[in-house]
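Written out below as structure tokens is the structure these notes cover.
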Amino acid sequence: MEETPITTATPCSTAPAAAAPRTKKPDWLRVKLPIGESYKQVRNLVDTHKLHTICESGNCPNMGECWGAGTATFMILGNICTRSCGFCAVATGRPEAVDWDEPQRVAEAIYLMKVKHAVITSVDRDELKDGGSIIWANTIKAVRSLNPDTTMETLIPDFRGQWENLQRIIDVAPEVVSHNLETVERLTKQVRIQAKYHRSLEVIRRLKDGGMRTKSGIMLGLGETKEEVVQAMQDLYDNGCDVVTLGQYLQPTPKHLPVVRFVHPDEFAELREIGYNMGLDYVESGPLVRSSYHAEKHINSGRTVK
């Protein structure tokens, strides 16, 4: 998802142009290649059960670490998205038919992997009347039935503001429900073409009103200012968000939005403290942080482990 190190930024009058040259990654963004027996076992399970993971589809830089620990983030409802966000590596197009057996396969894979905390996300399925929410609810129920001791985080779409579909998620009550803001208000139209900033905030508010532990994520390096990031964090807090993740945007391909700046780890640390000071319950902030990174910790408050 996602030139020089900085601690402050100046406003950018326009969105980044897709044709801009790619810049070299700094040393703090180096990651190890996926290796090890645990990684191989997870890959075999994912392949055997014909599952999709955002780890692969999203080119996540933490795949080696997470899969090596025997965990993965499952992506349901196929691997073709109906939206065309400028940052995302997941393919856009006409999705295949809904696979009603998928919830049970996900549950069985989690059982075989002995996962204690499962993260589940999905592509957007705007062509479906229910937005995919029935499969979402069925998956949560199937995982819980086969894995009663496994806790869950669900990273959900906005369901186009069709709140009866969001209610299906609330009704089955996963331990954490996440919906990513992704960027600051000014850049939303360029970064999330079919999404709306305030609709995403309303998703968080409705989840909180429904009794959920709420979570959202923001990418840095797309041309936002530090002040805009702090305002987005404040907007999330004001709408009932408990957990916020902040990470560096990395350009998946030359066709995607370019990186405007690489944010220094010191700025991520500063933003973490700002988030805690404004009242957020858990702030995960660093260059390689992604929505599901250290997700098992986000069930509890981060205030005692800063």
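Per full-length UniProt numbering, the sequence shown starts with residue 1, numbered consecutively.
Using N, Cα and C, we set each Cβ at its ideal position, and we do this for glycine too.
Quick caveat, the model's predicted, so the values are computed rather than measured.
Residue j beta carbon less than 9 Å from that of residue i
i	j	result
TRP136	THR151	no
ALA295	VAL176	yes
GLN194	CYS85	yes
LEU166	VAL203	yes
ARG272	VAL283	yes
SER145	ALA89	no
PRO103	THR48	no
GLY302	ARG261	no
MET212	VAL191	no
ASN147	VAL115	yes
Assumed close pair residue i, residue j - CB separation to whole angstroms, cut-off 8 Å
i	j	result
LEU77	SER122	4 Å
GLY132	ILE170	Actually they are not in contact, since the Cβ atoms of GLY132 and ILE170 sit about 15 Å apart, beyond 8 Å.
HIS256	PHE87	6 Å
TRP28	PRO265	6 Å
PRO258	GLN251	6 Å
GLU127	THR82	6 Å
Residue from the options with nearest C-alpha to residue i
i	options	result
ASN239	LEU207, THR225, GLN251	LEU207
HIS198	ASP99, ALA107, ARG160, MET75	ARG160
MET233	PRO148, ASP158, LEU201	LEU201
ALA97	ARG125, CYS88, THR73, MET278	ARG125
SER178	LYS196, GLU164, VAL184, ARG205	ARG205
GLU185	SER292, ILE170, VAL230	VAL230
GLY221	ARG213, LEU280, GLU182	GLU182
GLY279	PRO258, LEU288, CYS241, VAL259	CYS241
ASN44	ARG94, ARG83, ALA109	ALA109
ILE156	GLN251, PRO148, ASN180	ASN180
ILE299	VAL263, HIS117, PRO254, PRO287	HIS117
LYS141	THR253, ILE120, LYS215	ILE120
ALA269	SER285, ASP281, ASN277	SER285
**OP:** Let me know the beta strand (DSSP E) ranges lying completely inside the stretch 139-205, each 3 residues or longer, listed in chain order.
**Re:** List check, beta strand (DSSP E) in window: 151-155, 176-178.
Subject >> beta strand (DSSP E) runs contained entirely in the stretch 71-115, provided each spans 3 or more residues >> reply: For secondary structure counted as the beta strand (DSSP E) over 3 or more consecutive residues, the stretch 71-115 holds these complete runs in sequence order: 73-76.
**OP:** Could you pull out every unbroken alpha helix (DSSP H) segment of at least 4 residues lying fully inside the stretch 263-304, listed in chain order?
**Re:** 265-278, all fully within the stretch 263-304.
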